[in-house]
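Scroll down for the structure; my scribbles are underneath it.
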Amino acid sequence: MDTVKIPSTIVGSSATEITQKIAAGELSASEVVEAHIQRIEEVNPRLNAVIIPLFEQARSQAKAADEARSRGETLGLLHGVPITIKESFDVAGTVSNMGISALSQTAKQDAPLVKRLQQAGAIILGKTNVPQLLASNESDNPVYGRTVNPWNPERSPGGSSGGEAAIIAALGSCLGLGSDIGGSVRMPAHACGICSLKPTSSRLSMVGHVPLLPGQEAILAQPGPMARRVADLNLAMKVLAAPGQEAFDPSIPPVPWREPSDVKLENLRIAFFTDNGIITPSPAVRRAVREAALSLEKRGAIVEEWTPPDLLKALQLYFQLYGADGGVTSRRQLGNSKRHPQLKQSLQTVSLPKALLKVIAAISGFMGQPLIAKLLPYMGEVSVSEYWRTIDERNRYRAVFVAAMEAKQFDAILSPACALPALTHGSSNYLVQDATYTIPYNLLGMPAGVVAATRVRPGEESDRVRRSHSDEGASALLRLRSMVRKQQSADRAPSKQLSEQTASKVEQGSLGLPVSVQVAARHWREDIVLAVMATIEEHFQLQPDYPTHPPV
Numbered sequence: 016m017d018t019v020k021i022p023s024t025i026v027g028s029s030a031t032e033i034t035q036k037i038a039a040g041e042l043s044a045s046e047v048v049e050a051h052i053q054r055i056e057e058v059n060p061r062l063n064a065v066i067i068p069l070f071e072q073a074r075s076q077a078k079a080a081d082e083a084r085s086r087g088e089t090l091g092l093l094h095g096v097p098i099t100i101k102e103s104f105d106v107a108g109t110v111s112n113m114g115i116s117a118l119s120q121t122a123k124q125d126a127p128l129v130k131r132l133q134q135a136g137a138i139i140l141g142k143t144n145v146p147q148l149l150a151s152n153e154s155d156n157p158v159y160g161r162t163v164n165p166w167n168p169e170r171s172p173g174g175s176s177g178g179e180a181a182i183i184a185a186l187g188s189c190l191g192l193g194s195d196i197g198g199s200v201r202m203p204a205h206a207c208g209i210c211s212l213k214p215t216s217s218r219l220s221m222v223g224h225v226p227l228l229p230g231q232e233a234i235l236a237q238p239g240p241m242a243r244r245v246a247d248l249n250l251a252m253k254v255l256a257a258p259g260q261e262a263f264d265p266s267i268p269p270v271p272w273r274e275p276s277d278v279k280l281e282n283l284r285i286a287f288f289t290d291n292g293i294i295t296p297s298p299a300v301r302r303a304v305r306e307a308a309l310s311l312e313k314r315g316a317i318v319e320e321w322t323p324p325d326l327l328k329a330l331q332l333y334f335q336l337y338g339a340d341g342g343v344t345s346r347r348q349l350g351n352s353k354r355h356p357q358l359k360q361s362l363q364t365v366s367l368p369k370a371l372l373k374v375i376a377a378i379s380g381f382m383g384q385p386l387i388a389k390l391l392p393y394m395g396e397v398s399v400s401e402y403w404r405t406i407d408e409r410n411r412y413r414a415v416f417v418a419a420m421e422a423k424q425f426d427a428i429l430s431p432a433c434a435l436p437a438l439t440h441g442s443s444n445y446l447v448q449d450a451t452y453t454i455p456y457n458l459l460g461m462p463a464g465v466v467a468a469t470r471v472r473p474g475e476e477s478d479r480v481r482r483s484h485s486d487e488g489a490s491a492l493l494r495l496r497s498m499v500r501k502q503q504s505a506d507r508a509p510s511k512q513l514s515e516q517t518a519s520k521v522e523q524g525s526l527g528l529p530v531s532v533q534v535a536a537r538h539w540r541e542d543i544v545l546a547v548m549a550t551i552e553e554h555f556q557l558q559p560d561y562p563t564h565p566p567v
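Numbering of the sequence shown is given in our numbering, commencing with residue 16 and proceeding in unit increments.
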């Protein structure tokens, strides 16, 4: 194919802008697709974000889209928009294996939501990288390797939709489809400086997505759009959440989509918090949330600082429900495939007897891992009756949380998306705390989105107090490791590295990395989430350190 010189401004355009320019005849779908393919070819050797390219298919579809427009056919909402898809969604003719070599079956058809995007005119450029089993806040697996952050190759793009976030941030795609069961579209958006939305649980169908834990329905994963602009999230949701999902997935209630443009900001009561009491965010993250709150107040919203009810309880319930089988299902999915070291350690831990988990929890607390100490007793295999009891506890916690919002008449909640900027590779193994700002909304089933805000400024890298563990503590942990090796023939003890020390190391060298703000709302009120996000976006876009083009 002859090389065509494409204006670089094309790859910086939003999906909304692209549809408008194609409809007006200012651009062709072929020009737009070719520009994005060239961008992927330029940056992907460094990022390793797009792991299944579909370039020739995309070119053919773009040509067909241009011919359809020339015939005067009605154009879909996403006509000519180049998109990417998370590896775990079925795209006809490709494999969805979550980084597991034993899973090699080629999809015969597109996932229903993927089909909806294509029917609306979107053109798929490829599929993007994930962590193995989608089980990490990094994107690294034995099949496709590691994806790096476009802002700094020493940093992770987050997970599990990390490849998606990385290529969108690097201007290789303007819209993507990810999935989220604990922050998997929100944490990567934060790490890479883009926007994303996790809809209300059961808003969108997971049919055609590789089952994370087949049969586990206590905590529901959700597909979610990812983009550089909030308006593009709404554009995608109008396609994804259009009526009729119940025809192929009876678990999806026919709840109408509401337009964010109908939301009156001056009528909203908005809560915010900058610290969940589990891990204190970095200075830039705290600044972003407070600045966002102030910007909303200036626009007429009533904004109040608030402490949500018992977030530690939410985390304990989440991990107890998500790991209730003791890792049996995940080990079955992995089969004899090579396991990522981080996933291997996690599965070894949750398979331990409850009594040993409690011992490890006690040592973890002594070693400066307080959250691990409080979560480990809630992990591991449980009986059916205990599982049912935990679901009942979850339901009661949801009622308490909603009642607390109702008592203050809050419509939305602002908070950090993560406590830290993009993590260094491997550090997520010791920083489960970083996900504690996203996980509660998965347990609650509430919609939550992330909007790009600012970047770490000079003097904002860290104000964290460093602490060091004692030699006595290190010796205690070594003794524990020895005991575990004898029982399970593997090292299943937690790292001796303190969470605060790890956080401090992550913060070192974080100057210039993007940070974001998370917005949550009541069930089925994605319109409020997106309206608040759009207002925050308007404010931060005027600032000189708004994250735009990473130095990939």
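Every residue, glycine too, gets a C-beta built ideally from N, C-alpha and C.
Owing to the predicted nature of the structure, the values given are computational and were not obtained by experimental measurement.
For residue 224, the secondary structure class from DSSP, reduced to helix, strand or coil, is strand. Non-local beta-carbon contacts of residue 340 in its own chain, meaning distances under 7 Å to residues more than five positions away in sequence, involve 396 in chain order. For residue 194, the enclosing beta strand (DSSP E) starts and ends at 190 to 195. In the structure shown, the three-state DSSP call for residue 123 is coil. By the Cβ-count criterion, residue 415 is exposed, with fewer than 16 other Cβ atoms from all chains shown falling within 10 Å of its own Cβ.
Counting every other CB atom within 10 Å of its CB across the protein chains shown gives residue 555 a total of 16 or more, marking it as buried. For residue 205, same chain residues with a beta-carbon under 6 Å away, outside a window of 5 residues either side, are 432, 433, 465, 531 in chain order.
Boundaries of the beta strand (DSSP E) harbouring residue 284: 284 to 287, taken from the DSSP string. The beta carbons of residue 148 and residue 358 sit closer together than 8 Å. Closest in alpha carbon position to residue 440, among 458, 255, 154, 452, is 154. Cα atoms of residue 73 and residue 33: separation of roughly 16 Å, rounded to the nearest angstrom.
Within the same chain, 434, 448 come within 6 Å of residue 294 by CB-CB distance, once the 5 residues on both sides are set aside.
Restricted to the stretch 227 to 286, the alpha helix (DSSP H) segments that are unbroken, complete and at least 4 residues in length are 245 to 255, listed in chain order.
Per the coordinates, the alpha-carbon of residue 518 lies some 7 Å from the alpha-carbon of residue 446. Boundaries of the beta strand (DSSP E) around residue 531: 529 to 536.
The alpha-carbon separation between residue 255 and residue 187 amounts to approximately 22 Å. Here the alpha carbon of residue 323 sits roughly 20 Å from the alpha carbon of residue 306.
Looking at the DSSP output, residue 141 shares a beta bridge with 68, 99. Secondary structure of residue 451 (DSSP, three-state): coil. Residue 387 holds the alpha-carbon nearest to the alpha-carbon of residue 372 among 191, 387, 469. Residue 210 holds the alpha-carbon nearest to the alpha-carbon of residue 547 among 179, 210, 184, 57.
Taking C-beta separations shorter than 8 Å and ignoring five residues to either side along the sequence, the partners of residue 183 in its chain run 99, 189, 190, 191, 207, 209, 241, 242, 243, following chain order. For residue 52, the enclosing alpha helix (DSSP H) covers residues 44 to 62.
The stretch 309 to 317 makes contact with the stretch 268 to 288, as at least three CB pairs between them are under 8 Å.
Beyond the five residues adjoining it in sequence on each side, residue 521 comes within less than 6 Å, by CB distance, of 435, 438, 439, 442 in the same chain, given in chain order. Residue burial is scored here from C-beta neighbours: residue 542 has at least 16 other C-beta atoms within 10 angstroms and is therefore classed as buried.
In the structure shown, residue 314 adopts coil according to DSSP, grouped into three states. Inclusion of residue 332 and residue 409 in the CB contact set at 8 Å is warranted, their separation being smaller than that value.
Going by C-alpha positions, residue 381 is about 41 Å away from residue 566. Pairwise C-beta distances place the stretch 212 to 229 out of contact with the stretch 155 to 164, as fewer than three of them are shorter than 8 Å. Across the structure, residue 67 and residue 417 are spaced so that their CA atoms are roughly 42 Å apart. Across the set 454, 544, 467, the C-alpha of 454 shows the shortest separation from the C-alpha of residue 195. If you look at residue 405, you'll find it in the alpha helix (DSSP H) that goes 399 to 423. Under the three-state reduction of DSSP output, residue 429 falls in the strand class.
Per DSSP, reduced to three states, the secondary structure at residue 215 is coil, with no helix or strand assignment. Taking the Cβ atoms as the reference, residue 463 lies roughly 18 Å from residue 336, outside the contact range of under 8 Å.
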